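Novice: Residue numbers (full-length UniProt numbering), protein chains in the order written: chain A, 1 to 370; chain B, 1 to 293; chain C, 1 to 416; chain D, 1 to 297. Quick reminder that beta carbons are idealized off the backbone N, C-alpha and C, glycines included. Nothing here was measured: the structure is a model prediction, and the numbers come from that model. One structure follows; several queries about it will come next.
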Amino acid sequence: MGFLDIDNTTKSYGAVEVLHNVDISVQEGEFLVLVGPSGCGKSTLLNMIAGLEEITSGEIRIKDSVMNGVHPSKRNIAMVFQSYALYPNMTVGQNITFGLEMHGTPKPEREKAMREVAKLLQIEQLLDRKPGQLSGGQRQRVAMGRALVRNPDVFLFDEPLSNLDAKLRVDMRTEIKKLHQKLGTTIVYVTHDQIEAMTLSTRIAVMNGGYVQQLGTPQEIYDSPANIFVATFMGSPAMNVLPAHVRLQKDAPHAEFSLHDGSLALLPFSQKNLAAWEGKEILLGIRPETLTDVDGADRKSSNIAEMTNRIVVTEPAGSDTFVSMQLGGKDVIARMRSDAEVRAGQDFTFAVNMEKAVAFDPETEARIAP
Amino acid sequence: MSVASQDTAIRTGRITRTLIYVVLILFALFYMLPLYVMLVNSVKPLSEITGGGMMNLPEEFTLEPWFKAWSSAQIGVEPTGLAPYFWNSIKMVVPAVAVSTVLGALNGYVLTKWRFKYDTILFGLMLFACFIPFQIVLIPMARMLGLMGLAGTTWGLALVHVVYGIGFTTLYFRNYYAVFPTELIRAAQIDGAGFFQIFWRILLPSSGPIAVVSIIWQFTNIWNDFLFGASFAGADSQPMTVALNNLVQASHGVKEYNVHFAGAILAATPTLLVYIVAGRYFVRGLMAGSVKG
Amino acid sequence: MRAFPKTKATVVAALMTSATMVAADDVEVLHWWTSGGEAAALNVLKQDLEGQGIGWTDMPVAGGGGEQAMTVLRARVTAGNAPTAVQGLGFDILDWGKEGALADLNEVAAKEGWDEVVPDALKAFAKVDGKWVSAPVNVHSTNWVWANKSVLDANGIAVPTSWEDFTAALETLKAAGITPIAHGGQAWQEATVFDAVAMSVLGPDGYKAAFVDLDEATLGSDAMKEAFDRMAVIRANVDDNFSGRDWNLATAMVINGEAGFQMMGDWAKGEFLNAGKVPGEDFLCFRFPGTADQVTFNADQFMMFDQGGPVSAEQAALASAILSPSFQSAFNVVKGSVPARTDVSDADFDACGKQGMKDLAAAAASGNLFGSMAHGHAAPASVKNAIYDVVTAHFNGEFDSETAVDELVDAVSIAK
Amino acid sequence: MAHSANADFKTRLQNWIPKLVLSPSVAMMLVFVYGFILFSVYLSFTDSRLLPSFGWVGLENYSKLWRLSHWEVSIKNMGIFAALYIVICTTIGLGLAIFLDQKIRGEGLLRPIYLYPMALSFIVTGTAWKWFLDPGIGLENVMHSWGWESFEFRWIKDRNYAIYTVVLAAVWQTSGFVMAMFLAGLRGIDNEILKAAQMDGASNWNLYRRIIIPQLRPAFLSAFVILSHLAIKTFDLVIALTGGGPGRATELPATFMYSYTFSRNQMGIGAASATIMLMTIAAIMIPYLYSELREKR
């Protein structure tokens, strides 16, 4: 039993089921991120936790009490919305204390709570303004203040950073993380941005098509994606996925795929269980940072393979230089150190950290190794 | 919801602009014409009017017709002028406008923020109801009012106006609330606000522009209504339009056109005031809701 | 409706019993007399009642010669909230009487001997199934011609007594550059003219056959075509600007000498008097040529609505006050009409009034008193309006006289 | 779901409140609009004259109705009136809105001038218009007195043209309101699109024709609904201006219906004409409502 249990929960609109048997258990103090592309059902799930959408079947429990049919205000939750949903006709102060007022908290206590939250979020000077007079970042803080002041069991965040510009988004991200560390509250956070998911969460639920594709720590999700969807959705640039054949050489399974000129490369797998796939096609997943120049290869790795291929485009990005090429008939991106000497059209020798390579079943797209 | 910038970004040349001004002013004259006729003739002695020259300025200026229309013209048996009927109208219009606007707002709120099965069909039915010709409802309505014991009362009359006004007020508020962010409603729900608290505290304070549209529309329609007023009012609750009609349509006898025009303007004063005072917000309100579909 | 008089009567009776009434000792009077003179005259009645301790709740609804008030009345009756007394005309009274909505005034009528003093032709509209249901206020006669005496004198025209005289007079005036006939182009005004013309062409029997009995042969007869032809002649002698003009503006044209004649009911006299004109000196009134012996009339009455039970003391008092000779005289002097009872002194009346009373008495005695078709005293409203449609369309040149006759037969058959 | 019975009272109440709030309006509408419509349709098959009566006569009222040339006139007039009224109001309304949107000085003064006719009832302005249109005392007379002797404007007296004076007065009353709707629509258009189009080299004419006017679709639709509803209900105007004349040349279905129901004591025929009117309205409005409401789903 967790702090927040989502137990075999589904959601249908009429005959259409949009969430399929979701099972997630969140421990107290956890920061769970629901991530996925738009329409994956993550916001619906969040709204069901909040009580804004009815649960079709299954149960949602907070602190072991069943929340099905309980009014949102009775769940002791707070929510921060994408648009912040600040009441335009009220001042910042009134916005923050509205929930307390609705719950019948006496005025002096409301004032006190408001001051504390305002201090915590450094918005004391804004209390008498209307939301219309605030900048995006300030609104964001007010929206969080409104959630914090309630001292809820669970915080729900619905894409809270997506309306901010890039720089502010990074700042606020850090801010939220700090806040979580300081207050230790339980948070469920919805985003479509995998970087937010990775940086903020203690656990991530990757969702697509109404299914939870994978639930795990950021590390698990990144290193051992359950399927091609998770693999390509998490990480930037996305994981390269190319068709390859499994060949046995000295009993060890190797990946065989074509280079730019049609000649074949043969790289050894670390995972011996792939021997069972001999002669069959698989999909090979290689993260860009595991495809580097030879000097930049991970020293700790026990399985670095080399191959030579022609560079199509180079994209210096300051800290790194991205190189694209053709592998297995696909565009593949490699991530080099910024000082790697590469240019377009050059035939270059790459190092592939095969220890980190992932293989997928082309039929089911599920991970078969590691 | 944010109101877009005021004027268009389009630029026009000097000659075009002059032309535009000319056209605009010509139309202004066209619109002012009947009011001019009424005003000018309401301050002339009757002899000057019957002598012809409707467009001429008065040779002899008099406010007599105005006083007469207000306080001593023959409306019924007693020469009461329009004054008592003015208050009858106010007593009917104010509750009717208030109730129909509030109901329209609540309906719009439910239809956009508390959707349920078949709500669109209900709304369609309400909207279609706006188009019913009033002449056909007179007899059955009279019977209903009689059954409810409201025949011949101000309340009965107000009820009739509410009934046939909510279609439009609901339309206005629904279109307006349709673009009101639903997240605000959800936030308030989580904050613990109930149905009515959300309405009063969150929605209504932001409904100014559309409330203006709804009030203007209802106020003008109800104030200017004659058919219902004549048919359903009691002897002591006849509205202004019925009195004005009695003044203007007096069957046999001398027609005091100057008094008629003065009375007509007096009867129209409240609606004119509403348009002049609230007209500024009218376009804004239309913009915020009703023409956005 | 006539096929189901009984069911209708019960329906209305049921409505009436559920009625909520005005306070016991008030009468609520629905009427459309809102112009100065009429209202002042009605005020006499009000004060009379107030003298007897009976309050007067005024419910004026003007417009369309009572049409608007009739709409209101229908709403009031349907709501079960009928006024105590309602101004009514001709067939409207009979229709309401047949619906069983009116009170039985026989008791007061017998006490005051109404049957002896009210002409039979008028009684036909005040009694339903032998019961008095309404109190007649006045008799307007509608086949008057009003003329500007100085215009006639200046052109050497004597009072015309035949159609030929009349057309000759019109020619003379036209030649002199004066509009021969002042006319207001509204359906009821055209019908008023048509009334007189038809009476002169068809004669009293034909008039009755056509407009009371609605006899198709008479309606479609050559004489009827002749009547329409004469309407066309009249149309030719009207100025171009007649359409939509109020009757009193047409009267003003005669008063101002812009026009020679106007065919209009006796209410037009008030306009002349208001303009300071003297009957016989400044203006003339005479019957439409060819109808010297006939009087077509319409009479304003007050219908007493059944308030559930026997007629109330207040209603009886109101009815009695209406028919009192003093009120009849006082009211009709102001209104321009003549009293509804024939035993009222003509002392207070002017020349036209005196003549009107004399004509009425004579016509009543000789059987020449007819309800006016144009004013709803010959046929029910549906037929009246159907005839209006044809007359006004013909007058406005939509079709010729031959078509008009066909249309008339057709329209009446639909409306019957 | 076994636990949903635990749903607290407030929550369950909250689920019902919206429907409860809507119910009075829905009930009123069902009784006072749809109930009455059914009643009226029923009456059209009865022998009702002075008051409603329930003797069934089948389609007799309808056959009588179509024999009346008067009814044909009013239908024809409705066609002319509605078409001209809607087109002219829309044109003038759009034109004025576009002109008024050009950073006009004195807009604050002009706008109420354009709008105020909507505030007046025709009981009030009918007489003024009647005078103005009357050749004897109105415009024609004024022109003559100003020395333009050959000026002629006597439509209101001519049964072939009188209906156009009704259009004129009706346009006067509502075109300002339509202007306000279009102005609101114009003000709602994103200026950046206009700037972009100007940079693309579009002339003002093209800008309006190709970019702006197509974006006013919601305003056009709203205007159409309001105008057609006003056109169908036009009643006071005809009564005050022409009384249906000259002859019966300006009768409209609404005046026809009123006169048969209330002045002529032929309630059955009146109800039949009302039924036909309602069917016409439904034929126009239902497709519109359907498309509008479906889009918003």
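1) For a quick check, are the C-beta atoms of K46 of chain C and V77 of chain B less than 9 Å apart?
2) Could you tell me if E38 of chain C is buried or exposed, where buried requires 16 or more neighbouring beta carbons within 10 angstroms of its beta carbon?
3) Got a sec? Which residues, its chain only, sit under 8 Å from Q249 of chain A by beta carbon, not counting five neighbours each side?
4) With DSSP as the reference, label A79 of chain C as helix, strand or coil.
5) From T255 of chain D to G124 of chain B, what does the alpha carbon distance come to, in whole angstroms?
6) Let's test the definition: count the other Cβ atoms within 10 Å of the Cβ of F283 of chain C and tell me whether it reaches 16, buried, or not, exposed.
7) Nearest by alpha-carbon distance to P119 of chain C: which of C:G257, C:S413 and C:P339 is it?
8) Applying a beta-carbon distance threshold of less than 9 Å, which residues of chain A neighbour D119 of chain B?
9) Buried or exposed: which applies to K269 of chain C, given that a residue is buried once 16 or more other Cβ atoms fall within 10 Å of its Cβ?
10) Name, in chain order, the residues that DSSP records as bridge partners for A244 of chain A.
11) To the nearest angstrom, how far is it from the Cα of P243 of chain A to the Cα of A252 of chain A?
12) Is it buried or exposed, R115 of chain B, if we count other Cβ atoms within 10 angstroms and call 16 or more buried?
13) Using a Cβ-Cβ cut-off of less than 8 Å, list which residues of the region 71-92 of chain B approach chain C; keep chain order.
14) Quick check on D236 of chain D - is its C-beta less than 9 Å from some C-beta in chain B?
15) Nearest to R61 of chain A by alpha carbon, out of A:L52, A:T10, A:G2 and A:E53?
16) Would S5 of chain B pass as an interface residue toward chain A - the criterion being a Cβ-Cβ separation below 9 Å?
17) Under a three-way DSSP split, which group does E407 of chain C fall into?
18) On the criterion of 16 or more Cβ atoms from any shown chain inside 10 Å, does S145 of chain D qualify as buried, or is it exposed?
19) My output table needs one value for E306 of chain A: the three-state DSSP class, helix, strand or coil.
20) In terms of residues, what are the limits of the beta strand (DSSP E) holding W144 of chain C?
21) Buried or exposed: V352 of chain A, going by 16 or more other Cβ atoms within 10 Å of its Cβ?
22) Kindly say whether H103 of chain A, judged by its beta-carbon, lies nearer than 9 Å to any beta-carbon of chain B.
23) Is the shortest distance between the beta-carbon of H254 of chain A and the beta-carbons of chain B less than 9 Å?
24) Against L52 of chain A, what residues of chain B qualify as contacts under a CB-to-CB distance less than 7 Å, listed in chain order?
25) Between which two residues does the alpha helix (DSSP H) harbouring P84 of chain B extend?
26) Would you list the one or two residues that DSSP bridges to V323 of chain A?
27) Alpha carbons only, please: which of C:Q328, C:A175 and C:F286 is nearest the one belonging to A351 of chain C?
28) Report buried or exposed for F9 of chain D, applying the criterion of at least 16 other Cβ atoms within 10 angstroms of its Cβ.
29) Return helix, strand or coil for H192 of chain A, following the three-state DSSP convention.
30) Across the region 270-277 of chain D and the region 52-68 of chain D, are there enough close Cβ pairs to call them in contact, namely three or more that are closer than 8 Å?
31) What did DSSP end up calling G290 of chain C once you bin it into helix, strand or coil?
32) Counting only beta-carbon atoms, is residue 296 of chain B nearer than 9 Å to chain C?
33) For F370 of chain C, tell me which candidate among C:D306, C:F125 and C:F331 has the shortest Cα-Cα distance.
34) With distances taken Cα to Cα, identify the nearest neighbour of N138 of chain C among C:L273, C:G156, C:A169 and C:G88.
35) Measure the beta-carbon distance from V142 of chain A to P131 of chain A and round it to whole angstroms, keeping in mind my assumption that it falls under 8 Å.
36) Using a Cβ-Cβ cutoff of less than 6 Å, which residues in the same chain neighbour S40 of chain D once the five nearest sequence positions on both sides are dropped?
Specialist: Let's see:
1) yes
2) buried
3) In chain order, L266 and P268 place their CB closer than 8 Å to the CB of Q249 of chain A, counting only its own chain and leaving out the 5 sequence neighbours on each side.
4) coil
5) 27 Å
6) buried
7) For P119 of chain C, the closest alpha carbon among the candidates C:G257, C:S413 and C:P339 is that of C:P339.
8) Per Cβ cutoff of 9 Å: no residues; D119 of chain B is ~15 Å from chain A at best.
9) buried
10) A:I282
11) 19 Å
12) exposed
13) With the criterion set as a beta carbon lying under 8 Å from some beta carbon of chain C, the members of the region 71-92 of chain B are Q74, I75, G76, V77, E78 and P79, in sequence order.
14) yes
15) A:G2
16) Here S5 of chain B scores only 42 on pLDDT, less than 50, and its place in the model should not be relied on; the value that follows carries that caveat. No, because no Cβ of chain A sits closer than 9 Å to the Cβ of S5 of chain B.
17) helix
18) With fewer than 16 other beta carbons inside 10 angstroms of its own, S145 of chain D counts as exposed.
19) In the structure shown, E306 of chain A sits in a strand (DSSP, three-state: E or B).
20) W144 to N148
21) buried
22) yes
23) Residue contact with chain B for H254 of chain A: absent (no Cβ-Cβ distance below 9 Å to any residue of chain B).
24) R186 and Q189
25) A83 to K113 is the extent of the alpha helix (DSSP H) around P84 of chain B.
26) Residue pairing by DSSP places V323 of chain A opposite A:T314 and A:A334 in a beta bridge.
27) Answer by Cα proximity: C:F286.
28) exposed
29) DSSP places H192 of chain A in coil when its eight states are reduced to three.
30) yes
31) coil
32) Nothing about residue 296 of chain B can be read from this structure; chain B reaches only from 1 to 293.
33) C:F125
34) C:G88
35) 7 Å
36) A271 and A274
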